[in-house]
Every structure is written in structure tokens, then in C-alpha cells.
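S.K.: Submitted below is the structure of interest, expressed as C-alpha cells.
Residue numbers (our numbering), protein chains in the order written: chain A, 1369 to 1483; chain B, 86 to 197.
Below, the structure written as C-alpha cells:
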């Protein structure tokens, strides 16, 4: 099976712009989660989508949003970029069945730099 | 809420040394526990997992035992290699799929 793919791998934007990141989960996985990784804050959960519905949400401002399509592919959008949004954005997929055995499979990430 | 505390790093060891990275957690219920590894420029890879108390996860010489009484999941390896140099994350899975809570990560450097 192909792994989780994320595009683009690298992105450079300027303050005030918006950006859209894409994630394709492992075939058959219905849950897609997004995380922000920074040296100062570590790995922080953004949100999770399951069957096109946001099921869980972290503590991020409304500038961060996402969606999921019927084929389980997901996008996240950040509007009005700030310097502090520079980070590695990781996408993870899992089968999505409600279970305590909820291993996640991660993509390589998108490195976003805001200038 | 859920939280994970990892031993502070970085950790520097010589090849063939014994490795322990401590991890303790706070959670409601009985979450699954995981160790992930991240190599430079890459995403996270699952190293091992345990889904219930007293389970031992193991992979590539690494082991960790789910200790409910001490709420711990310490990572161990008997003899590290240079190729083990990476960042290691302890994590617990929410009982609802899709969200994991991570520790801050421990950077391991193994010198020949």
C-alpha cells in the first residue's frame, strides 16, 4: 500500500497570504488528522476529519481550517499568515474505526516558511 | 486532559550503549501508548505500540512495557547503533480515533 502523501513538501509565503496544504491518506483510511510541529511548541493537534466531517479540533485560531473530500483526501488552509505559522505540518491517517487501538500513519510533512 | 511527559534531552551515547528514554502519562481511561521516531527531514514513523496494561511493544531491538501502576511507558534498547540517531516521541492515543497526544520528543545522538 502507498503511504500517506503530502503536497507540496516545501512552501515559502509572506505574511498576510494564505496557503493550502494537501494530504492523501492510505487507501481505505477514513480518518485524517493534522498536526503542527515547531521547535518551541512540539507537536500540536490541529484537527481531525472522518467521513468528510470534522470530528476533533485542537486549540488553534479560526485562521486554520480544513476539509475532507469524499475520497478521504484532506486539505488544510491557513489564512492571513503570520511569522509564527512557520512550521512542519504533518498529516496522519488511520482507519478511523472507534477503537483504543488507534495507530496513526504519518506523511513526510509540508515545511511552511512565512517571511 | 491527557498529557505525556518525556525525559529531557538531548541524549548522547556511544555505540553499543544501553538506552532508556523515560515516558510517563496522564490520561482518563486506558489509552493506547506509542513510541514514534522521526529522522531528519521526515515525518513520524511508528516504532512500537502497546494497547493495554502489561503489554510489551517491541521492534528493531527497542522495547517498552505499558505500566498502568506507574503510568509509564519507558523506551529501552540494549545496544544502540549510530543509525538509531533520531528524535523519539512518546504518545498516547485518544480513545476516539484520530487524535494523539505527544511528548516533547527526545533527541538521541549515537557516536561511533
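Where is the CB? At the ideal position from N, CA and C, for every residue including glycine.
Looking only at its chain, what residues have a beta carbon closer than 8 Å to the beta carbon of residue 179(B), apart from the 5 residues adjacent to it on each side?
M.R.: The answer, listed in chain order, is 87, 116, 185 and 186.
S.K.: Residue 191(B) and residue 172(B) look like a contact to me (Cβ under 8 Å); what is the Cβ gap, rounded to whole Å?
M.R.: The Cβ separation is near 7 Å, so the contact holds.
S.K.: Run down chain B in chain order and give the residues with a C-beta less than 9 Å from the C-beta of residue 1458(A).
M.R.: What residue 1458(A) touches in chain B: 128 and 129.
S.K.: Does any residue of chain B have a CB that is nearer than 9 Å to the CB of residue 1482(A)?
M.R.: Taking Cβ atoms only, chain B never reaches closer than 9 Å to residue 1482(A), which makes this a no.
S.K.: Could you tell me which uninterrupted beta strand (DSSP E) segments, each at least 3 residues in length, are contained entirely in the segment 1371-1422 of chain A, listed from first to last along the chain?
M.R.: You should have 1373-1375, 1378-1381, 1387-1392, 1399-1406 and 1410-1418.
S.K.: With respect to the beta strand (DSSP E) encompassing residue 1449(A), which residues constitute its N-terminal and C-terminal limits?
M.R.: Residue 1449(A) -> no beta strand (DSSP E), and no H or E assigned at all.
S.K.: Which residues, in order along the segment 166-197 of chain B, keep a beta-carbon less than 9 Å from a beta-carbon of chain A?
M.R.: Listed in sequence order: 174, 176, 178, 179, 180, 181, 182, 183, 184, 185, 186, 187, 188, 189 and 190.
S.K.: Counting only C-beta atoms, is residue 95(B) closer than 9 Å to chain A at any point?
M.R.: No, residue 95(B) does not count as interfacial toward chain A.
S.K.: DSSP state of residue 165(B), grouped into three classes?
M.R.: Three-state result, residue 165(B): coil.
S.K.: So with CB distances below 8 Å, who are the chain B contacts of residue 1477(A)?
M.R.: Within 8 Å Cβ-Cβ: 127 and 128.
S.K.: Got a sec? Which residues, its chain only, sit under 6 Å from residue 1441(A) by beta carbon, not counting five neighbours each side?
M.R.: Closer than 6 Å at Cβ, skipping near neighbours: 1392.
S.K.: Is DSSP giving residue 1434(A) helix, strand or coil here?
M.R.: In the structure shown, residue 1434(A) sits in a strand (DSSP, three-state: E or B).
S.K.: From the DSSP output, in three-state form, read off residue 142(B) for me.
M.R.: Three-state DSSP puts residue 142(B) in a strand.
S.K.: Straight-line CA distance for residue 1444(A) to residue 1370(A)?
M.R.: So the alpha carbons of these two residues sit roughly 21 Å apart.
S.K.: Does any CB atom of chain A fall closer than 9 Å to the CB of residue 88(B)?
M.R.: No, because no Cβ of chain A sits closer than 9 Å to the Cβ of residue 88(B).
S.K.: So, at 6 Å on beta carbons, what are the nonlocal neighbours of residue 1386(A) in its own chain, with the 5 sequence-adjacent residues on each side left out?
M.R.: Correct list, in chain order: 1447.
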